[in-house]
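Enquirer:
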Amino acid sequence: MQHTKIISASTVQNSTFFYFVLSVLCCLPFKSNGQDIKKIKESDTLYVYFKYDNMNQMKESNNIVNRDNYNYSFVFDADNTKIRQDLTLVNHYTITPEVKFVKHSFLRKRKDITVNYNFLKTLGFRESEKLLLEKKKIYLIDYEYLSHHKVRVAEVKMVDRSSLISIE
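When we follow our numbering, the leftmost residue of the sequence shown carries the number 18, and every step to the right adds one.
1. Return the bridge partner residues of Glu77 from the DSSP annotation.
2. Would you say Tyr89 and Leu106 are within 8 Å of each other, going by their C-beta atoms?
3. Give the secondary structure of Tyr64 by DSSP, where H, G and I count as helix, E and B as strand, and everything else as coil.
4. Between the C-alpha atoms of Arg143 and Leu149, what's the straight-line distance to the nearest angstrom?
5. For Lys154, report the span of its alpha helix (DSSP H) as first-last.
6. Taking all protein chains shown into account, do 16 or more other C-beta atoms lie within 10 angstroms of the C-beta of Ala171, making it buried, or fewer, making it exposed?
7. For Asp177, which of Pro114, Thr139, His109 and Lys147 has the nearest alpha-carbon?
8. I'd like to know whether the C-beta atoms of Asp61 and Lys126 end up nearer to each other than 8 Å.
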């Protein structure tokens, strides 16, 4: 009986170690899987993954008639201040009419030009704004619309605030 307990304790330790290694391996590819900044900057198309969290990634409806149109905001904290800046991507049927449903394999092939909030936050507000403004096409992947078979990919436009006049 005692020998069985030793084996089961060993099995538990091995399975715990296995899950630890598996979780580390799963995290590593995600951090590097497409975060090659050179390839992202050279591409004319960018895919942005969005997951609503009510603090850093927010969305609001921008159309009463077509309720699937949203403004997607990525919020950044300004360095050493309490000021919060946001980048807004707009999905509206008159500005960005392209919405398509694609297979997961479509996005896997484009993982090198897909970014998420953590990547944008690492770049910083100014660099992220510059990156998004330079793109000819930006597609947003909203976590809320993910399914087992298809993924909704909606074209969005970056709100360009460079033409706004500062009140300072």
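All residues carry an ideal CB built from backbone N, CA and C; glycine is no exception.
Expert: According to the data block:
1. Asn88
2. yes
3. Judged by DSSP in its simplified three-state form, Tyr64 adopts strand.
4. If I take the Cα positions, the gap works out to 10 Å.
5. Run containing Lys154: none in the alpha helix (DSSP H); it sits in the beta strand (DSSP E), Lys154 to Leu163.
6. buried
7. Of the candidates Pro114, Thr139, His109 and Lys147, the one whose C-alpha sits nearest the C-alpha of Asp177 is Lys147.
8. no
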